[in-house]
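K.L.:
Before I ask anything, here is the structure I am working with.
Protein chains in written order, with the numbering used here: chain W, 55 to 418; chain P, 2 to 357; chain E, -4 to 301.
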């Protein structure tokens, strides 16, 4: 038994829309089986995962808080991956953005004007972009593989943040515990509707970034170059596009957006610089970028979906006592089905039960 | 396909209504930073929750959320608990401090208990365990048992709690061997069995013959067993990992405290704004069996333990010097709790520079 | 002088799981497939190896179970990326997510259980030789397997016809297919081999390094293994060099701390990562040499025309 793929002449529009729903259906079935095997009511479990987090307003606010960093990072990574630059160090760029942006309220506590927040966001982008520029520089100048350098720079950034938050940037009145002072109101990304829930403007930044990058990719020369160099580097070089320039562009955009996500998280959701500021957003966002089919607009949908499974896992843990590990397995299943079903867009899939007979035998 | 989805959705809606029928048990909720089965810090709290559940029986329902990252995720998890009818919520990691206070401000009728923090509110009480009492005892044992006069300390992160532990250990060791020295290795993780084991090996190779740890895995204990030196268990009795290596272990026993506080919350006698710091006498920590040591050392350890419990001995009683030789506590002077909780200096004899 | 031997032993023990997982991934990548799920396969190997050891009482059976578990788990990746041509990067990352969750589920009842160590080799007369006895004749069995694997893979890739075929697929799957090579079949075999190696690396953690099961006990080692493959520019003996270098710097920084130099531990902890970058920059400056070793079709799905 094996699977045969037949490339479609053009990608199927039908399946482009349908495949996520097929994947969802398959996940529901597989999940129901798994929950039954664990002795849980499958309907209750699936309800907690997909619907319960959406039944209350405050919970929807929380969904945007969780989705915002994922979308912001994934939008940048889409550009990067489309141009064949393998930045897997967004986590580090996120952290450096958070650090650099935080310097404003920590070092200049008196500087509280309408300029404070924009300056922080800009510095955050600069921090992420600078950290992203290192692998770009090493790749273009010394030909060093960016997968390795960007990944190693994640660990370096994590340790650097740890050192800062426990040392020089520590709150002097914090009982010698790690973490900076809490930011003043002028340095906090405000909540959109404080009476309703805790959604902050990070999600707005994410949506704006997605639209801008989508516009750039679709309608500008830079975007055209990204797509050409990514799809066919030889053709790109032939057309006179610079690979070096493109590598920098890709890393600066993805690093900058990851940095923006970092400072938005610190100033919007956390309110201080802590020794850890990310539960792995930079890595999860890689999955989001691919689930969104490397389209900035797709990243929005994918980001919300992944955020939902995090909240859902929590709800299932609480109401049904389904352990966190089961939640993660379920999340993995969903991802596998989504990735597998996307095959239907570009290929016709046939399940071949036996090897085809070499020649027409006596039958018929 | 679509039909199946619709059918599922319809059934889901029905079950949602039925499961929404609330029960009238008192609900006590726990937020964990790690996994319930991490073999260390979080598991100790989980064991405590199970203990309280068993003692209080049908009157209460206890629920726990594990692997909750510190930061916005914690705030959301705590709020979800507060909204789901929890009467009392225990948040069991220092990093949950600000999220706990933020949610507590929104839900004045819910009671909150935050472990190891220093901020309280009218409906937030903090609780902690005087681990240093246990560290002092194991330090004394190390001082007697070590032939080289140097012990190794595998430390996680430089926070006051860990620094206090290091100082408690060394103060105990110096009370029986005034020249005792301590080497410290920071592994920058609460939990990396391999790295902890590597740190233990590095320390042993540099001449220490007793190791202790403020990290969660049994990696160092296994190394001690293999290399034939002595070690102390952390959070749990680790005798199965080091049958000939473990001298004793400091066990975290949160259960009685949880039982007591949940009971108070149900009776209406619970009070907010308190800072509880219990010790050996309250049973919030306890010592495992004293093993693999001569009888006189065992007798000394038991005597010290009894003295701490009856209050006649406070581990941090002068004369104690700081690392640079200046006086911290004069003869007979006892440290106040505030200094201990914010500790950021070493006592004399530590062979390391405290990260600042 | 026994200290030197002890330190070297510590370094080799720390490097062995990295080496094994990286060698497996090297074969996968040489065939043109990028599997970022090493961490997930490794942790599955660790838990299954531990569970089988406890259930049967034999760490040898545990080791075999780990290898089998890693291989089976990698098949999930194979079906998606090879048969269904799904994106390799995303599938690999999802595999890691799934592996970490699944291993936690499997291992729940084994937490706190005392492990059984895979006994080190002991040859009377040889193991006791001063200075080198235990280094050469007294290590754990998986250490020797790691050396055999490295040599074997080097020999296979560069000295055998099958190895040449595998590299040809990694460099240009379209022309390999045109030559009548069954690209998918060989890639499946490579992926399974990678999974088996990652499983073995996991077994080293839970049966030799620290014989116990704790959640997430791989603690990022799968990622380091991935980086080492790139570091070694896809050459087996360089993987060995890279793994030992990484191990040496990691252990060295612990010794530096124990000596009390007073350098912040975060900077010392960052040393292995920085060192890896610096060394790679130095050795990858020759563009021609690097390109020669990089599998050109790495990460691109292949679907045979019909």
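Don't be surprised by glycine CBs; every beta carbon is placed ideally from N, CA and C.
With 16 as the cutoff for other CB atoms within 10 Å, does residue 313 of chain P come out buried or exposed?
P.N.:
Here residue 313 of chain P refers to the residue found at position 312 when the second chain is read from its first residue. Counting Cβ neighbours within 10 Å, residue 313 of chain P comes out exposed, since fewer than 16 surround it.
K.L.:
For the beta strand (DSSP E) containing residue 99 of chain P, list its first residue and its last residue.
P.N.:
If you number the second chain from 1, residue 99 of chain P lands on position 98. Where residue 99 of chain P is concerned, there is no enclosing beta strand (DSSP E), although the alpha helix (DSSP H) it sits in stretches over 98 to 107.
K.L.:
Tell me, to the nearest whole angstrom, how far the beta carbon of residue 38 of chain E is from that of residue 213 of chain E; I am working on the premise that it is less than 8 Å.
P.N.:
Locating residue 38 of chain E in the third chain gives position 43, counting from the first residue. Locating residue 213 of chain E in the third chain gives position 218, counting from the first residue. Confirmed, about 5 Å.
K.L.:
Counting only beta-carbon separations shorter than 8 Å, does residue 57 of chain W have a partner in chain C?
P.N.:
Going by chain labels, chain C is absent from the structure shown, which instead holds the protein chains W, P and E.
K.L.:
On the criterion of 16 or more Cβ atoms from any shown chain inside 10 Å, does residue 60 of chain P qualify as buried, or is it exposed?
P.N.:
Your numbering for residue 60 of chain P matches position 59 in the second chain. Exposed, because fewer than 16 other Cβ atoms sit within 10 Å of the Cβ of residue 60 of chain P.
K.L.:
Residue 52 of chain P versus chain W: which residues are under 8 Å apart at the beta carbon?
P.N.:
For the purposes of this step, residue 52 of chain P is taken as residue 51 along the second chain, with counting starting at 1. In chain order: nothing, as chain W lies at least about 18 Å away.
K.L.:
Could you compute how far the alpha carbon of residue 210 of chain P sits from the alpha carbon of residue 3 of chain E?
P.N.:
For the purposes of this step, residue 210 of chain P is taken as residue 209 along the second chain, with counting starting at 1. For the purposes of this step, residue 3 of chain E is taken as residue 8 along the third chain, with counting starting at 1. Each residue's Cα considered, the two are about 20 Å apart.
K.L.:
Which chain W residues sit within Cβ distance under 9 Å of residue 356 of chain P?
P.N.:
Mapped onto the second chain, residue 356 of chain P falls at position 355. Per Cβ cutoff of 9 Å: 217, 220, 221.
K.L.:
Whose Cβ in chain W lies nearer than 9 Å to the Cβ of residue 226 of chain E?
P.N.:
Along the third chain, read from residue 1 onward, the residue named residue 226 of chain E stands at position 231. Result: 199, 202.
K.L.:
Can you give me the start and stop residues for the beta strand (DSSP E) that residue 129 of chain P sits inside?
P.N.:
Here the question's residue 129 of chain P lines up with position 128 in the second chain. 125 to 130 is the span of the beta strand (DSSP E), which, as asked, contains residue 129 of chain P.
K.L.:
At least one CB of chain P closer than 8 Å to the CB of residue 1 of chain E: is that the case?
P.N.:
As a position in the third chain, residue 1 of chain E is number 6, starting the count at 1. Residue 1 of chain E counts as touching chain P.
K.L.:
List in chain order: all unbroken alpha helix (DSSP H) runs of 4+ residues lying wholly within the region 372 to 416 of chain W.
P.N.:
List check, alpha helix (DSSP H) in window: 378 to 395, 397 to 400.
K.L.:
Can you find the residues in the same chain that come closer than 6 Å, C-beta to C-beta, to residue 56 of chain P, ignoring five residues on each side of it along the sequence?
P.N.:
Here the question's residue 56 of chain P lines up with position 55 in the second chain. The residues are 260.
K.L.:
Please report the residue range of the beta strand (DSSP E) in which residue 185 of chain P lies.
P.N.:
Here residue 185 of chain P refers to the residue found at position 184 of the second chain. Residue 185 of chain P -> beta strand (DSSP E) spans 182 to 187.
K.L.:
Flag residue 348 of chain P as yes if its beta-carbon sits less than 8 Å from any beta-carbon of chain E, otherwise no.
P.N.:
Residue numbering aside, residue 348 of chain P sits at position 347 when the second chain is read from its first letter. It does not: the Cβ of residue 348 of chain P has no partner Cβ on chain E nearer than 8 Å.
K.L.:
Check whether the Cβ of residue 47 of chain P lies closer than 8 Å to any Cβ atom in chain W.
P.N.:
Locating residue 47 of chain P in the second chain gives position 46, counting from the first residue. Not one chain W Cβ lies under 8 Å of residue 47 of chain P.
K.L.:
Give me the Cβ distance between residue 242 of chain P and residue 226 of chain P, rounded to the nearest whole Å; I'm assuming they're in contact under 8 Å.
P.N.:
The count along the second chain starts at 1 and reaches residue 242 of chain P at position 241. The count along the second chain starts at 1 and reaches residue 226 of chain P at position 225. Going by Cβ atoms, the distance from residue 242 of chain P to residue 226 of chain P rounds to 7 Å, so yes, they are a contact pair.
K.L.:
Buried or exposed: where does residue 114 of chain E fall if 16 or more other Cβ atoms within 10 Å of its Cβ makes it buried?
P.N.:
Stepping through the third chain from its first residue, residue 114 of chain E is reached at position 119. The residue is exposed, with fewer than 16 neighbouring Cβ atoms inside 10 Å.
K.L.:
Which residue marks the beginning of the alpha helix (DSSP H) containing residue 310 of chain P, and which one marks its end?
P.N.:
Here residue 310 of chain P is taken as the residue at index 309 of the second chain, counted from 1. Where residue 310 of chain P is concerned, the enclosing alpha helix (DSSP H) stretches over 296 to 311.
K.L.:
Once you ignore the five residues that flank residue 302 of chain W on each side, which residues in its own chain have a CB closer than 6 Å to its CB?
P.N.:
In the first chain, residue 302 of chain W corresponds to position 248, counting from 1. Once the five neighbours on either side are set aside, the close Cβ partners of residue 302 of chain W are 190.
K.L.:
Would you call the region 211 to 218 of chain P in contact with the region 141 to 159 of chain P, where contact means no fewer than 3 C-beta pairs closer than 8 Å?
P.N.:
Contact holds: three or more Cβ-Cβ distances are below 8 Å.
K.L.:
Go ahead and pull the three-state DSSP assignment for residue 80 of chain P.
P.N.:
Residue numbering aside, residue 80 of chain P sits at position 79 when the second chain is read from its first letter. Three-state result, residue 80 of chain P: helix.
K.L.:
Using only CA atoms, which one of E:242, E:70, E:278 lies nearest to residue 30 of chain E?
P.N.:
Indexing the third chain from 1 puts residue 30 of chain E at position 35. Checking every option, the nearest Cα to that of residue 30 of chain E belongs to E:70.
K.L.:
So with CB distances below 7 Å, who are the chain P contacts of residue 368 of chain W?
P.N.:
On the first chain, residue 368 of chain W is found 314 positions in, with the first residue counted as 1. Simply 66, 78, 81.
K.L.:
I want to know whether the region 133 to 141 of chain W touches the region 183 to 202 of chain W - three or more CB-CB distances under 8 Å.
P.N.:
Yes, the region 133 to 141 of chain W is in contact with the region 183 to 202 of chain W.
K.L.:
CB-CB under 8 Å to residue 106 of chain P, same chain, minus the five flanking residues each way: which ones, in chain order?
P.N.:
The residue labelled residue 106 of chain P in the question sits at position 105 within the second chain. If we look at residue 106 of chain P and ignore the five residues flanking it on each side, its Cβ neighbours are 122.
K.L.:
Taking the alpha helix (DSSP H) that residue 102 of chain W belongs to, which residues open and close that run?
P.N.:
In the first chain, residue 102 of chain W corresponds to position 48, counting from 1. Run containing residue 102 of chain W: 96 to 104, per the alpha helix (DSSP H) assignment.
K.L.:
Among residues of its own chain, excluding the 5 on either side of residue 254 of chain W, which ones have a beta-carbon nearer than 6 Å to its beta-carbon?
P.N.:
One-based indexing of the first chain puts residue 254 of chain W at position 200. Closer than 6 Å at the Cβ level, and outside the excluded window around residue 254 of chain W, lie 243, 245, 322.
K.L.:
Given this structure, state the Cα-to-Cα distance separating residue 358 of chain P from residue 295 of chain P, to the nearest angstrom.
P.N.:
Nothing about residue 358 of chain P can be reported from this structure: the residues present for chain P run from 2 to 357 only.
K.L.:
According to a CB-to-CB cut-off of less than 8 Å, which residues of the region 327 to 350 of chain W neighbour chain P?
P.N.:
Cβ contacts with chain P: 328, 329, 330, 331, 333.
K.L.:
Taking 8 Å as the CB-CB limit, is residue 148 of chain W close to chain P?
P.N.:
Sequence index remark: in the first chain, residue 148 of chain W carries index 94 (1-based). Taking Cβ atoms only, chain P never reaches closer than 8 Å to residue 148 of chain W, which makes this a no.
K.L.:
Is there a C-beta anywhere in chain W that falls below 8 Å from the one on residue 111 of chain E?
P.N.:
Indexing the third chain from 1 puts residue 111 of chain E at position 116. No, residue 111 of chain E lies away from the interface with chain W (no Cβ there is under 8 Å from its Cβ).
K.L.:
How about residue 48 of chain E and residue 110 of chain E: do their beta carbons lie closer than 8 Å?
P.N.:
In the third chain, the residue the question calls residue 48 of chain E occupies position 53. In the third chain, the residue the question calls residue 110 of chain E occupies position 115. Yes.
K.L.:
From residue 397 of chain W to residue 61 of chain E, what does the alpha carbon distance come to, in whole angstroms?
P.N.:
To locate residue 397 of chain W, count along the first chain from 1; it is residue 343. To locate residue 61 of chain E, count along the third chain from 1; it is residue 66. The alpha-carbon atoms of residue 397 of chain W and residue 61 of chain E are separated by roughly 31 Å.
K.L.:
Cα-Cα, which of E:291, E:185, E:59, E:283 is closest to residue 40 of chain E?
P.N.:
Taking the third chain and counting its residues from 1, the one referred to as residue 40 of chain E is at position 45. Ranking E:291, E:185, E:59, E:283 by Cα distance to residue 40 of chain E puts E:59 first.
K.L.:
Just grab the DSSP bridge partners of residue 1 of chain P for me.
P.N.:
This structure cannot speak to residue 1 of chain P, because chain P is shown only from 2 to 357.
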